[in-house]
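Asks:
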Amino acid sequence: MESLKGKVVFISGAGSGIGRATSVLFAACGARVVLGCRKAGDCKEIIENIIATGGIAKEVDCDMSDLSRLSKLAADIVGAWGQLDIIINNAATISPLASIPEIDLGELDKSIRINVTAQIALISKVWKALSEKRGYVINILSGASKNPRFGWTAYCSGKAALHMVTKQVSLEGERFGIKSFGFAPGLVKTKMQNEIRKSAINEISFLPESDMISPGEPAKCILLLASGQYDKYNGEFLDIRDELFKECRVFKIK
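When you read off a place in the sequence shown, starting at 1, and then add 3, the result is the number in the numbering used here.
1. Output the distance between the C-alpha atoms of residue 162 and residue 52, rounded to the nearest integer angstrom.
2. Kindly give me the distance between the Cβ atoms of residue 92 and residue 143, rounded to whole angstroms, as I take these residues to be in contact under 8 angstroms.
3. Does residue 88 pass the burial test, meaning 16 or more other C-beta atoms within 10 Å, or should it be called exposed?
4. With contact counted as at least three CB pairs below 8 angstroms, one residue from each stretch, are the segment 60 to 67 and the segment 29 to 44 in contact?
5. Between which two residues does the beta strand (DSSP E) harbouring residue 134 extend?
6. Specify whether the segment 171 to 188 and the segment 144 to 153 touch according to this definition: at least 3 beta carbon pairs, one from each stretch, less than 8 angstroms apart.
7. Label residue 154 either buried or exposed according to how many other C-beta atoms from any shown protein chain fall within 10 Å of its C-beta, with 16 as the threshold for buried.
8. From residue 176 to residue 77, what distance separates their C-alpha atoms?
9. Reducing DSSP to helix, strand and coil, say where residue 65 ends up.
10. When the distance is taken between beta carbons, is residue 204 closer than 8 angstroms to residue 158?
11. If you scan the segment 154 to 223 from start to end, which runs of the beta strand (DSSP E) of 3 or more residues do you find wholly inside it?
12. Quick check on the DSSP output: the alpha helix (DSSP H) that includes residue 29 runs from which residue to which?
13. Quick one: measure Cβ to Cβ for residue 134 and residue 180, integer angstroms, because I've assumed they're closer than 8 angstroms.
14. Determine the closest residue to residue 68 out of 117, 229 and 80, with distance taken between C-alpha atoms.
15. Would you kindly report the start and end of the unbroken beta strand (DSSP E) that includes residue 52?
16. By Cβ distance below 6 angstroms, which residues in the same chain neighbour residue 11 in space, the five residues on each side in sequence not counted?
17. State the CB to CB distance for the pair residue 169 and residue 238, rounded to an integer number of angstroms; the pair is presumed to be in contact (CB under 8 angstroms).
18. Got a sec? Which residues, its chain only, sit under 6 angstroms from residue 26 by beta carbon, not counting five neighbours each side?
19. Could you tell me the alpha carbon to alpha carbon distance between residue 209 and residue 43, rounded to whole angstroms?
20. Buried or exposed: which applies to residue 182, given that a residue is buried once 16 or more other Cβ atoms fall within 10 Å of its Cβ?
21. In whole angstroms, what is the alpha-carbon distance linking residue 73 and residue 120?
22. Given residue 248, which residues of its chain have a CB within under 6 angstroms of its CB, disregarding the five upstream and five downstream residues?
23. Check residue 60 in the structure and name its three-state DSSP category.
24. Can you name, in chain order, every residue of its own chain whose Cβ lies under 7 angstroms from the Cβ of residue 132, other than the five neighbours on each side?
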């Protein structure tokens with residue numbers, strides 16, 4: 004992936020799962036990665052591993068539910084290397100897991116702040132930096148963006164909204180050269196899936212772990228989206244099961 008060498012990439016929710024795998028893969032391809040973690044030091048071990056294998060990485064910390072901290076987060080991201088080429092909005096929460104009459108409104112508000120408001124706010128605050136580099140916005144979506152699931156009102160609503168944000172970024176970013184993709188990674192072995200399985204709230208909770216893929220698989224697809232090869236899909240909802248991602252099977256990662 005020569006096209007990614009030297010590019011500055013921010014990945015939120017980089018401490019585990021898809022975020023971690025994506026950070027490691029982009030660094031291995033020569034990108035300078037900025038890992039977004041909830042608390043300072045959360046990504047220390049990942050960064051040490053990246054640097055030990057010849058990669059370049061830094062950490063920024065922010066609780067995405069605290070909107071007052073997003074201006075500093077944006078400044079820290081751009082300030083890491085003085086530019087920003089790609090932003091991957093991966094951080095999300097599945098909570099609250101509850102039916103509509105039982106939903107906790109405080110938790111609902113927090114969920115929308117993390118899954119929607121913070122994503123829009125961060126894109127807004129790094130817009131100038133992205134426009135200078137004709138950059139990319141990659142929003143991690145879900146089948147829940149289009150399909151309701153019992154007990155997932157907060158999550159489904161948030162991901163549906165982020166799907167529209169993807170389209171808005173594509174529309175408004177066109178004159179700046181900014182491109183945007185929404186990507187659904189499928190069933191992945193992550194901490195979020197553990198929460199879903201423990202909740203036993205709907206049919207997704209009972210899917211066998213053998214049906215789930217490793218975080219490295221969607222990371223490869225995200226890499227391709229940022230490579231410039233798929234620019235014709237700007238603004239679209241893309242799913243890991245789409246035929247266009249068959250190329251992901253061509254290369255392997257550790």
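Backbone N, C-alpha and C fix where the C-beta goes; we use that ideal spot for every residue, glycine too.
Replies: The short version:
1. Taking the first residue of the sequence shown as 1, we reach residue 162 at position 159. Taking the first residue of the sequence shown as 1, we reach residue 52 at position 49. Approximately 32 angstroms between the Cα atoms of the pair.
2. Translated into the one-based positions of the sequence shown, residue 92 becomes position 89. Translated into the one-based positions of the sequence shown, residue 143 becomes position 140. That belief holds up - the Cβ atoms of residue 92 and residue 143 are roughly 6 angstroms apart, short of 8 angstroms.
3. Here residue 88 refers to the residue found at position 85 when the sequence shown is read from its first residue. Residue 88 should be labelled buried.
4. yes
5. For the purposes of this step, residue 134 is taken as residue 131 along the sequence shown, with counting starting at 1. Counting along the chain, residue 134 falls outside any beta strand (DSSP E), though it belongs to the alpha helix (DSSP H) covering 130 to 135.
6. yes
7. Residue mapping note: residue 154 aligns to position 151 of the sequence shown, counting from 1. Result: buried.
8. Sequence index remark: in the sequence shown, residue 176 carries index 173 (1-based). Sequence index remark: in the sequence shown, residue 77 carries index 74 (1-based). Straight-line Cα distance between these residues: approximately 18 angstroms.
9. For the purposes of this step, residue 65 is taken as the residue at position 62 of the sequence shown. Three-state result, residue 65: coil.
10. Taking the sequence shown and counting its residues from 1, one reaches residue 158 at position 155. Taking the sequence shown and counting its residues from 1, one reaches residue 204 at position 201. Contact: no.
11. 182 to 187
12. Numbered from 1 along the sequence shown, position 26 holds the residue referred to as residue 29. Its alpha helix (DSSP H) spans residues 20 to 31.
13. Reading the sequence shown from its first residue, position 131 is the one you call residue 134. Reading the sequence shown from its first residue, position 177 is the one you call residue 180. Right, the Cβ-Cβ distance comes to about 7 angstroms (below 8 angstroms), so this counts as a contact.
14. Stepping through the sequence shown from its first residue, residue 68 is reached at position 65. Comparing Cα positions, the closest option is 117.
15. Position 49 of the sequence shown, counted from the start, is the residue given in the question as residue 52. Segment 47 to 55 is the alpha helix (DSSP H) holding residue 52; no beta strand (DSSP E) there.
16. Within the sequence shown, the letter at position 8 stands for residue 11. Same-chain partners within the cutoff: 35, 84, 86, 87 and 88.
17. By one-based count along the sequence shown, residue 169 stands at place 166. By one-based count along the sequence shown, residue 238 stands at place 235. Contact flag correct, Cβ pair sits at about 7 angstroms.
18. Along the sequence shown, read from residue 1 onward, the residue named residue 26 stands at position 23. Result list for residue 26: 14, 17, 36 and 38, in chain order.
19. The residue you call residue 209 lines up with position 206 of the sequence shown. The residue you call residue 43 lines up with position 40 of the sequence shown. Taking the straight line from one Cα to the other gives about 35 angstroms.
20. Here residue 182 refers to the residue found at position 179 of the sequence shown. It is buried - the Cβ of residue 182 has at least 16 other Cβ atoms within 10 Å.
21. Counting from one through the sequence shown, the residue named residue 73 turns up at place 70. Counting from one through the sequence shown, the residue named residue 120 turns up at place 117. Computed Cα separation, rounded: 11 angstroms.
22. Within the sequence shown, the letter at position 245 stands for residue 248. These residues qualify, in order along the chain: 224.
23. In the sequence shown, residue 60 corresponds to position 57, counting from 1. Three-state result, residue 60: strand.
24. Reading the sequence shown from its first residue, position 129 is the one you call residue 132. Hits under 7 angstroms: 81, 86 and 87.
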